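Notes follow the structure.
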Amino acid sequence: MKICMAPIATLLLLAGCANMPSLNNSPRSPAPGPEAKAFSSYLSARFAAGEHALPEAARYYTQSLVQDPGNASILSLAFFYTATSGDVEGAGKYATQIVAKTPDERSARLALAVIAFKHRNYADARKHLSLSAKGPFQTLVVSLFDGWAAAAGGDSAGALADMKTLSAQSGAEGLAAFHTALIADYMNLPEAESDYRKALLSNRVSPRVVQAYGNFLERAGRADDASALYQKFLGENAVKPVAQDSLARIAAKKKPDPFIRNAEDGIAESLFGMAASLSDRQSADISILYLRMALYLRPDLALADLLLADRFEALGKYEDAVRVYRKIDKSSPYYRMAATQAAIDEGRLDRKSASIASLRSLTQAYPDEAENWIALGDAYRNQSDFTAAIDAYDHAEKLIGTPGKRDWPLFYARAMAQDSAKRWDKAEADINTALKLSPDQPELLNYLGYSWVDRNQHINEALAMLEKARQLRPYDGYIVDSVGWAYYKLGRYEDAARTLNAAVLLVPGDPTVNNHLGDALWKVGRKIEARFQWNHALAFSNDTTDQTEKAEIEQKLKVGLTG
Numbered sequence: 001m002k003i004c005m006a007p008i009a010t011l012l013l014l015a016g017c018a019n020m021p022s023l024n025n026s027p028r029s030p031a032p033g034p035e036a037k038a039f040s041s042y043l044s045a046r047f048a049a050g051e052h053a054l055p056e057a058a059r060y061y062t063q064s065l066v067q068d069p070g071n072a073s074i075l076s077l078a079f080f081y082t083a084t085s086g087d088v089e090g091a092g093k094y095a096t097q098i099v100a101k102t103p104d105e106r107s108a109r110l111a112l113a114v115i116a117f118k119h120r121n122y123a124d125a126r127k128h129l130s131l132s133a134k135g136p137f138q139t140l141v142v143s144l145f146d147g148w149a150a151a152a153g154g155d156s157a158g159a160l161a162d163m164k165t166l167s168a169q170s171g172a173e174g175l176a177a178f179h180t181a182l183i184a185d186y187m188n189l190p191e192a193e194s195d196y197r198k199a200l201l202s203n204r205v206s207p208r209v210v211q212a213y214g215n216f217l218e219r220a221g222r223a224d225d226a227s228a229l230y231q232k233f234l235g236e237n238a239v240k241p242v243a244q245d246s247l248a249r250i251a252a253k254k255k256p257d258p259f260i261r262n263a264e265d266g267i268a269e270s271l272f273g274m275a276a277s278l279s280d281r282q283s284a285d286i287s288i289l290y291l292r293m294a295l296y297l298r299p300d301l302a303l304a305d306l307l308l309a310d311r312f313e314a315l316g317k318y319e320d321a322v323r324v325y326r327k328i329d330k331s332s333p334y335y336r337m338a339a340t341q342a343a344i345d346e347g348r349l350d351r352k353s354a355s356i357a358s359l360r361s362l363t364q365a366y367p368d369e370a371e372n373w374i375a376l377g378d379a380y381r382n383q384s385d386f387t388a389a390i391d392a393y394d395h396a397e398k399l400i401g402t403p404g405k406r407d408w409p410l411f412y413a414r415a416m417a418q419d420s421a422k423r424w425d426k427a428e429a430d431i432n433t434a435l436k437l438s439p440d441q442p443e444l445l446n447y448l449g450y451s452w453v454d455r456n457q458h459i460n461e462a463l464a465m466l467e468k469a470r471q472l473r474p475y476d477g478y479i480v481d482s483v484g485w486a487y488y489k490l491g492r493y494e495d496a497a498r499t500l501n502a503a504v505l506l507v508p509g510d511p512t513v514n515n516h517l518g519d520a521l522w523k524v525g526r527k528i529e530a531r532f533q534w535n536h537a538l539a540f541s542n543d544t545t546d547q548t549e550k551a552e553i554e555q556k557l558k559v560g561l562t563g
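Residue numbers (this note's numbering): 1 to 563.
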């Protein structure tokens with residue numbers, strides 16, 4: 001049964017009848033037929049997919065497929081959403097059906113290869129990938145899978161040949177260097193250490209490379225060398241959790257398990273690397289697919305869980321992110337990071353009291369970790385408890401010691417809290433500190449520049465700052481608004497009207513930006529348009545809008561702009 005548009009009429013008829021008064025003598029309306037049910041399932045699936053509700057999308061596409069088993073498009077979607085919801089084995093059943101119709105379908109072949117690896121059927125894994133459609137990305141996948149399959153079979157020459165093929169792919173040099181080292185380590189080859197050194201040089205600052213090399217040194221009885229490696233990267237935020245955990249293990253005179261225990265771990269690492277390379281929001285669903293496959297092969301890969309939760313955050317699925325973060329065990333070096341992010345996401349879900357309670361607990365459990373105090377300060381600031389926020393930020397400042405470039409967000413956050421607490425002198429000092437640490441941050445330039453303009457201070461200097469911020473971020477409507485408002489304060493009303501109009505096009509629903517444009521239009525004699533923008537500003541106002549500004553807009557609508 002093909003899904004067609006005919007059932008729409010049925011659904012509309014049923015919907016129309018739902019509100020009709022009861023007629024005692026009329027027959028009972030018939031139950032929806034199979035076509036209406038099929039169409040309902042399909043619409044529910046489309047809606048769930050659009051909302052990135054992955055398990056729901058999988059369930060509804062599965063229902064649609066039962067109702068329309070010959071539909072290749074629904075089959076592909078049922079496969080994709082079943083896999084991305086975490087049921088890789090279930091997705092494999094759909095993948096088998098897909099390749100029966102389209103033998104070279106890449107995603108289906110990849111899923112079948114992953115399942116074959118899970119069951120250590122390496123020949124089948126290689127066969128599935130050899131039948132997949134060819135292309136540059138497929139060469140990368142085939143090289144990694146073939147390499148680890150060869151390693152599992154003891155074929156070091158074949159495995160390293162695959163890594164050589166991988167290294168020839170543009171942009172894959174770092175990945176190839178890392179997996180060459182992992183395979184050499186796994187197979188106890190003498191060049192393992194030199195390969196790790198090459199991998200360190202080929203990958204900027206990778207926590208996985210540092211952890212794998214350090215793990216190799218520890219297992220080789222070279223605790224001092226491993227300790228020196230961890231100490232070297234201890235100042236890097238991405239590596240810090242692993243380095244701290246590893247240094248504690250060395251102090252306890254314990255040796256770690258091998259970084260790669262079997263070929264499945266190697267493939268899980270490959271899939272994780274592929275997912276990590278897809279960092280834009282548009283690729284989040286594909287990244288989730290690879291991460292689900294990685295975790296299917298290696299459920300204890302905590303960093304994959306961390307990245308999976310991050311991808312859910314990118315899609316606005318904070319409940320899903322919290323669920324994944326809370327899976328990460330307390331024994332993991334990433335536990336504190338995961339617990340902190342889970343608490344932050346609680347705040348995003350408007351469970352602010354729970355968020356603050358969790359963050360307070362974390363600052364008690366880890367009192368020397370500045371990141372937890374910063375997160376607590378942010379949570380208090382979002383709840384408008386500015387005194388508590390400032391106190392938390394003060395704790396963080398004491399812990400970081402001499403601030404570096406990466407610490408500018410702390411001073412920026414505290415400045416916003418100080419400003420909201422009506423302590424402008426302290427806020428201004430914090431913004432200036434942040435600017436010294438990172439002079440080209442558009443947020444800082446905009447905040448200080450706009451604050452000066454709004455206070456009628458240093459207008460020319462403020463305009464220079466704001467124009468610089470606009471050059472750095474030309475499509476940020478709030479920065480463009482700040483530039484236009486500076487023009488307005490300088491009496492350059494034509495420039496102000498033109499610039500503020502551009503700002504409204506970028507952020508059409510902001511009441512302040514619309515209010516600013518209304519003022520500029522009034523000054524250049526376009527009074528009807530000015531009232532139109534003020535009406536917009538009032539319409540877009542809500543509970544968070546400054547009540548003084550709202551009253552001023554209402555007054556301008558009555559009498560216009562005076563003075």
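Glycine included, each C-beta is placed from N, C-alpha and C at the ideal position.
It should be emphasised that the depicted structure is a prediction, and the values quoted were computed from it without experimental measurement.
- Scanning its chain for C-beta atoms nearer than 6 Å, with the 5 sequence neighbours on each side dropped, one finds around W148 the residues A263, G266 and I267, in chain order.
- Within the segment 52 to 136, complete alpha helix (DSSP H) segments of at least 4 residues are found at 54 to 67, 72 to 84, 88 to 101, 106 to 118 and 122 to 130, given in chain order.
- Collapsing the DSSP output to three states places S482 in a helix.
- Taking all protein chains in view, the Cβ of S270 is crowded by 16 or more other Cβ atoms within 10 Å, so the residue is classified as buried.
- In this model, S202 and Y186 are separated by some 20 Å (Cα to Cα).
- Here F233 carries a coil assignment [DSSP, helix/strand/coil].
- Shown here, Q383 sits in coil according to DSSP, grouped into three states, outside any helix or strand.
- Taking 9 Å as the cut-off, the Cβ atoms of G273 and R208 count as close.
- The C-beta of N460 has fewer than 16 other C-beta atoms within 10 Å across all chains shown, which makes the residue exposed.
- P511 is the residue among L466, P511, V524 and G484 whose C-alpha sits nearest the C-alpha of K550.
- For R281, the closest of L307, K198, Y60 and F259 by C-alpha to C-alpha distance is L307.
- The Cβ atoms of Y42 and S64 sit closer than 9 Å to each other.
- An exposed status is given to H119, since fewer than 16 other beta-carbon atoms sit within 10 Å of its beta-carbon.
- Apart from sequence neighbours up to five positions away, the residues of its chain that approach V142 with a beta-carbon distance below 6 Å are L129, ordered along the chain.
- Here the alpha carbon of A181 sits roughly 49 Å from the alpha carbon of L448.
- Of the residues L437, I98 and D320, the one whose Cα lies closest to the Cα of S132 is I98.
- For L521, the closest alpha carbon among the candidates L140, D546, Y493 and A539 is that of Y493.
- In the structure shown, V141 falls within a helical segment according to DSSP collapsed to helix, strand and coil.
- Excluding five sequence positions before and after A342, the CB atoms of its chain that fall closer than 6 Å to its own CB belong to V322, Y325 and R326, given in chain order.
- Taking a contact as a CB-CB distance under 8 Å, the pair V480 and A503 counts as one, their CB atoms being some 4 Å apart.
- Inter-residue distance for L112 and A161 is about 24 Å (C-alpha atoms, whole angstroms).
- In terms of Cα proximity to Y393, the closest of G404, A421, R414 and G401 is R414.
- Note on geometry: alpha-carbon atoms of V242 and D257 lie some 14 Å from one another.
- Annotated three-state conformation of F259 is coil, per DSSP.
- Straight-line spacing of the CA atoms in A375 and R406 works out to 15 Å.
- Contact between the segment 463 to 471 and the segment 437 to 446 is established, with three or more Cβ pairs separated by less than 8 Å.
- Annotation: G221 to T96 spans about 47 Å, alpha carbon to alpha carbon.
- The alpha carbon of A284 has as its nearest neighbour, out of A530, W534, K37 and A49, the alpha carbon of A49.
- Setting aside the 5 residues that flank it on each side, S541 is surrounded in the same chain by P511 and K550, each with a C-beta closer than 6 Å to its C-beta; the list follows chain order.
- Of the residues K198, R473, T165 and A379, the one whose Cα lies closest to the Cα of K352 is A379.
- Around D305, the same chain offers V324, K327 and I328 as residues with beta carbons nearer than 6 Å, after the five sequence neighbours per side are excluded.
- Under the DSSP assignment, A537 falls in the alpha helix (DSSP H) whose first and last residues are K527 to A539.
- Taking all protein chains shown into account, P103 has fewer than 16 neighbouring C-beta atoms within 10 Å of its C-beta and is therefore exposed.
- Looking at the backbone, the Cα of G404 and that of F47 are separated by about 46 Å.
- In this structure, D476 places its C-beta atom within 9 Å of the C-beta atom of L506.
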